[in-house]
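Student: Here the sequence shown stands for residues 11 to 304, numbered as in the numbering used here. No residue lacks a Cβ here, since even glycine has one placed at the ideal position from N, Cα and C. This structure is a prediction, so every number in the text was calculated from the model and none was measured. What follows is a structure written as structure tokens; I'll ask about it next.
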Amino acid sequence: MKFPIVRPGTMTTLASITQRAFSSRVSRLGGALCAVMLAASCGGGSGETVAIADVDLGNDLRSADVIATAPVVLTGRVTLAGEVPTPDSEWDVRNDRYCSKYQPIKTQNWSVGENKALADVVIAIVGQSGGSVDPRPAFMDQAGCCYDPHVVAVAAGEGVVFKNSDQTFHNVRIDAHKMGTFDKGASIKNYGQPADSTNLHKFPAAGVYRVECDLHRWMRSWVYVHDSGFYAVSQEDGTFAIHGELPDGDYEVIAWHSQFAEPLRKSLRITGGSAELDFEFDASQAMLPAHQNG
């Protein structure tokens with residue numbers, strides 16, 4: 011099976027990349043995307059970005075419905091102990107012609123719900139192999155001059171589709187984040203994204219990647235790239251579910267949140283194919299004080 015070679019900066023459709031690759035829809039899309047991105051890559055660990063002319067949100071992107079059909083190996087809930095952070099810092103955007111209509115605009119460092127449920131936490135089982143249950147790209151939109159969602163997770167070698175739904179120009183700067191810092195790291199990719207444009211970026215190496223717009227400095231999001239498909243992101247109610255199959259035994263699990271220098275670590279014993287495990291972050295240990303979320 012031959013795949014079209016897509017040069018960086020050229021336009022194609024995500025659907026055309028994935029046609030006639032494999033018999034199943036999920037493996038077809040994942041394998042084709044991988045092949046195309048390898049063909050377009052210029053080497054190194056930065057990954058490569060390909061402009062996509064059109065994305066079928068119903069078929070080309072990762073689906074919660076597809077993931078839900080796979081067995082659940084780990085469930086749990088994440089909470090925040092101590093002082094609940096005050097609302098994130100509000101930015102004065104009155105002089106921005108487009109973004110001013112979305113005031114108030116705030117940073118998105120904290121998402122704390124009822125009963126101190128903590129969202130946007132990546133939970134991952136350490137030391138395993140295998141790709142995601144649904145290897146199609148994750149999706150991150152630029153809408154209302156903010157990134158949505160704030161955090162996505164993928165396995166190494168998988169991609170994220172970045173779309174600009176705003177009728178203004180953004181740029182996407184991807185930094186390999188330096189753990190233990192708030193905003194340090196090495197820039198690995200920086201490209202402009204005009205209104206209504208869509209780009210697919212592949213992340214070949216595990217790590218934490220910070221995504222920012224230099225034109226709108228409050229815009230920040232995160233891509234957590236795990237070395238396998240055994241991960242999940244906590245929801246607004248703090249719950250999470252990792253899908254896949256692992257043999258019974260002992261494992262290590264981490265929980266990562268952008269405002270803490272180190273992830274939490276816990277031991278896990280899987281019995282009968284699944285287990286439950288909760289995490290609690292201490293707000294007093296955040297890198298920034300809870301009332302200074304800039």
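For C109, name the three-state secondary structure that DSSP assigns.
Tutor: It is helical.
Student: To the nearest angstrom, how far is it from the Cα of F213 to the Cα of E58?
Tutor: The alpha-carbon atoms of F213 and E58 are separated by roughly 8 Å.
Student: Do the CB positions of V136 and I264 come within less than 8 Å of each other?
Tutor: Yes; because the gap between Cβ atoms is below 8 Å, this pair is in contact.
Student: Going by other Cβ atoms of all chains shown within 10 Å of its Cβ, with 16 needed for buried, is V131 buried or exposed?
Tutor: Label assigned to V131: buried.
Student: Taking the beta strand (DSSP E) that A186 belongs to, which residues open and close that run?
Tutor: Where A186 is concerned, the enclosing beta strand (DSSP E) stretches over 180-187.
Student: Return yes when the Cβ of I115 is within less than 8 Å of the Cβ of N209, no when it is not.
Tutor: Not in contact: N209 and I115 (Cβ atoms no closer than 8 Å).
Student: Name the two residues that bound the continuous alpha helix (DSSP H) containing V131.
Tutor: V131 -> no alpha helix (DSSP H), and no H or E assigned at all.
Student: Nearest to F291 by alpha carbon, out of N69, I77, A91, V60?
Tutor: The option with the nearest alpha carbon to F291 is A91.
Student: What three-state label does DSSP hand A205 in the structure shown?
Tutor: A205: coil per DSSP, three-state reduction.
Student: Roughly how many whole angstroms lie between the Cα atoms of D70 and V60?
Tutor: If I take the Cα positions, the gap works out to 15 Å.
Student: Nearest-angstrom Cα distance between C223 and H180?
Tutor: One C-alpha to the other measures close to 6 Å.
Student: Count the other C-beta atoms from every protein chain shown that fall within 10 angstroms of the C-beta of E93, then say buried if there are 16 or more, exposed otherwise.
Tutor: Classification of E93: exposed, given that the 10 Å Cβ count is below 16.
Student: Just mark S197 as buried or exposed, buried being the case when its beta carbon has 16 or more other beta carbons within 10 Å.
Tutor: S197 comes out exposed.
Student: Starting from D260, trace the beta strand (DSSP E) both ways and give me its first and last residue.
Tutor: From DSSP, the beta strand (DSSP E) with D260 extends over 259-266.
Student: Since F250 and T85 are thought to touch, with beta carbons under 8 Å apart, how far apart are those beta carbons, to the nearest angstrom?
Tutor: Contact holds; Cβ gap of about 7 Å.
Student: So M297 and S231 are supposed to be a Cβ contact under 8 Å. How far apart are they, rounded?
Tutor: So it is not a contact: roughly 17 Å between Cβ atoms.
Student: Using the DSSP secondary-structure output, state which residues sit across from W101 in a beta bridge.
Tutor: Answer is I115.
Student: Which same chain residues end up closer than 6 Å to S33 when comparing Cβ atoms and leaving out the 5 residues on each side of it in sequence?
Tutor: Here the model assigns S33 a pLDDT of 32, short of 50, so the residue's position is not dependable and the matter cannot be decided.
Student: Below 8 Å CB to CB, which residues in the same chain sit around T89 once its five sequence neighbours on both sides are set aside?
Tutor: Closer than 8 Å at Cβ, skipping near neighbours: N125, K126, A127, L128, G248, D288, F289, E290, F291.
Student: Going by DSSP, which residues form a beta bridge with I135?
Tutor: BP columns for I135 point to V263.
Student: What number of angstroms, rounded off, separates the C-alpha of S51 from the C-alpha of A285?
Tutor: Because S51 sits at a pLDDT of 33, beneath the cut-off of 50, its placement in the model cannot be relied upon, and the following sentence gives the value as read from the coordinates. Whole-angstrom Cα-Cα distance: 39 Å.
Student: So, with DSSP's three-state summary, where would you put D75?
Tutor: Residue state, collapsed to three classes: helix.
Student: Using alpha carbons as the reference points, say which of H187, P204, K188, G123 lies closest to S175.
Tutor: If we check each option's Cα against that of S175, P204 comes out closest.
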